[in-house]
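Peer 1:
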Amino acid sequence: MTRTRKEALRQAEAAFAAGGVPDPALDAQWLLADVCCVERLPLLLALQAPLSEEQDALFCRLCARRAAGEPLQYVLGKTDFMGHTFRCDVRALIPRCDTETLCEAVIARTQGPGTAVLELGAGSGAVSVSVSLACPGAQVTAVERSALALSLCRENAQLHGVRVEWVEGDWLEAVAGRQFDVVFSNPPYIPRGELDGLQAEVRREPCIALDGGQDGLDFYRRTANGLGQCLRTGGSLLLEVGDGQAERVCELLQGRFARLQVLNDVSGLPRVVIGDGYDGNAGSVAVD
0 MTRTRKEALR
10 QAEAAFAAGG
20 VPDPALDAQW
30 LLADVCCVER
40 LPLLLALQAP
50 LSEEQDALFC
60 RLCARRAAGE
70 PLQYVLGKTD
80 FMGHTFRCDV
90 RALIPRCDTE
100 TLCEAVIART
110 QGPGTAVLEL
120 GAGSGAVSVS
130 VSLACPGAQV
140 TAVERSALAL
150 SLCRENAQLH
160 GVRVEWVEGD
170 WLEAVAGRQF
180 DVVFSNPPYI
190 PRGELDGLQA
200 EVRREPCIAL
210 DGGQDGLDFY
220 RRTANGLGQC
230 LRTGGSLLLE
240 VGDGQAERVC
250 ELLQGRFARL
260 QVLNDVSGLP
270 RVVIGDGYDG
280 NAGSVAVD
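So in numbering that gives the first Met the number 0, spot 287 of the sequence shown is number 286, and the numbers just go up one at a time.
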């Protein structure tokens with residue numbers, strides 16, 4: 000005899016709590032709702048409904064993965080970003096709500112038809128696809144050095160029916176000689192010495208998407224020094240930054256834009272550094 004939804008949730012929550020899962024009740028609900036093909040509210044309004052044998056078996060398999068520390072988004076195989084659902088798995092970093100601040104700022108600067116937009120380090124493709132959905136007249140190009148991540152990008156673009164130019168390569172070198180109106184990135188920014196101290200779940204995400212070099216600023220320096228090769232005069236640069244990095248990144252860009260600003264994320268933390276009005280005649284920045 001299979002369990003009711005209520006019994007399954009109670010047992011999963013207990014297993015998750017014992018395994019140190021941060022939000023055991025909520026994660027159990029998300030997983031069971033997915034198994035039952037319903038939203039969370041209808042699930043909770045019918046807790047006495049029995050699970051079929053297939054549903055019970057699938058729920059057990061998913062719960063075992065979550066209890067073992069696999070991120071919820073990877074277990075579900077999907078996540079929500081900017082009001083859209085994207086495929087999500089071990090091929091790329093999990094899109095997070097903090098990055099919606101970056102995405103919204105990019106969209107605000109991509110209103111004119113034919114605007115050439117470049118993303119550096121596309122990951123799952125969620126940001127570039129979201130920009131394409133919001134700005135269908137834009138010409139969106141995205142660079143990603145991981146072939147596996149790039150395959151996920153293409154799947155997400157196909158899922159949402161948008162056209163993005165996906166380029167496999169290493170940062171700005173992949174689009175050498177091309178010019179863009181808007182350049183943006185959520186680059187790897189974790190200092191290398193802090194990687195081993197990250198939460199166990201985060202360490203399951205691709206290290207290539209996290210490792211920002213010795214001080215976490217390697218990719219910001221590379222971007223700043225390559226601006227003259229890719230960003231049109233008057234253009235905009237938008238960079239997501241880690242905790243405590245906004246001031247240093249602004250220093251790297253000082254004197255190269257008519258205006259620099261820092262946007263806070265939904266938690267009120269400095270999250271996005273923006274340079275508007277690029278001065279194409281400005282010199283390079285220090286790399287050390």
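No residue lacks a Cβ here, since even glycine has one placed at the ideal position from N, Cα and C.
Do Gly305 and Gly168 have their C-beta atoms closer together than 7 Å?
Peer 2: Absent from the model: residue 305. The displayed extent of the chain is 0 to 287, so no value can be given.
Peer 1: Keeping to the same chain, check which residues put their C-beta closer than 6 Å to that of Ala121; ignore five residues upstream and five downstream.
Peer 2: Counting only Cβ-Cβ distances below 6 Å, and skipping sequence neighbours, we find Ser127, Ala141, Glu143 and Cys152.
Peer 1: Specify the secondary structure class of Ala141 as computed by DSSP and reduced to three states.
Peer 2: Ala141 falls in the strand class under three-state DSSP.
Peer 1: Identify the residues that DSSP records as bridge partners of Phe15: which are they?
Peer 2: Answer is none; Phe15 lacks a bridge partner.
Peer 1: In terms of alpha-carbon separation, which member of Ser131, Glu172 and Gly176 lies closest to His159?
Peer 2: Checked all of Ser131, Glu172 and Gly176; the closest Cα to His159 is Ser131.
Peer 1: Pull the bridge partners of Gly82 from the DSSP assignment, please.
Peer 2: According to DSSP, Gly82 bridges with nothing at all.
Peer 1: Using only CA atoms, which one of Val182, Leu147, Arg177 and Arg202 lies nearest to Ile189?
Peer 2: For Ile189, the nearest C-alpha among the options comes from Arg202.
Peer 1: Between the stretch 38–50 and the stretch 21–30, are three or more C-beta pairs nearer than 8 Å?
Peer 2: Yes, since at least three Cβ pairs between the stretch 38–50 and the stretch 21–30 fall closer than 8 Å, the two stretches touch.
Peer 1: Who does Asp275 pair with in a DSSP beta bridge?
Peer 2: Asp275 pairs with Ser235 and Arg258.
Peer 1: Do you know offhand how far Gly136's Cα is from Ala115's?
Peer 2: One C-alpha to the other measures close to 10 Å.
Peer 1: Which residues in the same chain have their Cβ closer than 6 Å to the Cβ of Glu250, if we skip the five residues on either side of it in sequence?
Peer 2: Counting only Cβ-Cβ distances below 6 Å, and skipping sequence neighbours, we find nothing.
Peer 1: Please name the residue or residues paired with Glu117 in a DSSP beta bridge.
Peer 2: According to the sequence shown, residue 117 is Leu rather than Glu. Leu117 pairs with Thr140 and Val182.
Peer 1: Grab me the residues of Glu12's own chain with a C-beta within less than 8 Å of its C-beta, minus the 5 sequence neighbours each way, in chain order.
Peer 2: Here the set comprises Pro23, Ala24 and Ala27.
Peer 1: Work out the CA separation of Glu53 and Asn263 for me, nearest whole Å.
Peer 2: Looking at the two C-alpha atoms, the distance is approximately 45 Å.
Peer 1: Please list the terminal residues of the continuous beta strand (DSSP E) segment that includes Val166.
Peer 2: Where Val166 is concerned, the enclosing beta strand (DSSP E) stretches over Glu164 to Glu167.
Peer 1: Quick one: what's got a C-beta closer than 8 Å to Val166's C-beta in the same chain, skipping five residues either side?
Peer 2: Hits under 8 Å: Thr140, Ala141, Val142, Glu143, Ala173 and Val174.
Peer 1: Taking all protein chains shown into account, decide if Ser184 is buried (16 or more other Cβ within 10 angstroms of its Cβ) or exposed.
Peer 2: Looking at its Cβ environment, which holds 16 or more other Cβ atoms inside 10 Å, Ser184 is buried.
Peer 1: Could you compute how far the alpha carbon of Gly113 sits from the alpha carbon of Arg9?
Peer 2: When rounded, the distance between both Cα atoms is 53 Å.
Peer 1: For Asp26, report the span of its alpha helix (DSSP H) as first-last.
Peer 2: It spans Pro23 to Cys35 - the alpha helix (DSSP H) in which Asp26 sits, taken as one unbroken run.
Peer 1: Rounded to whole angstroms, what is the Cα-Cα separation between Val284 and Pro205?
Peer 2: Because the pLDDT of Val284 is 45, which lies under 50, any placement of that residue in the model is unreliable, and the number read from its coordinates should be weighed accordingly. The straight-line gap from Cα to Cα measures roughly 29 Å.
Peer 1: Would you give the residue range spanned by the alpha helix (DSSP H) that Glu172 belongs to?
Peer 2: Run containing Glu172: none; DSSP gives neither H nor E here.
Peer 1: Indicate the three-state DSSP secondary structure (helix, strand or coil) for Ile189 in the structure shown.
Peer 2: If DSSP states are grouped into helix, strand and coil, Ile189 belongs with the strands.
Peer 1: For the alpha helix (DSSP H) that contains Pro41, what are its first and last residues?
Peer 2: It spans Arg39 to Leu43 - the alpha helix (DSSP H) in which Pro41 sits, taken as one unbroken run.
Peer 1: Could you tell me which of Pro269, Leu268, Ser266 and Leu237 sits nearest to Phe256, measuring between CA atoms?
Peer 2: Closest by alpha carbon: Leu237.
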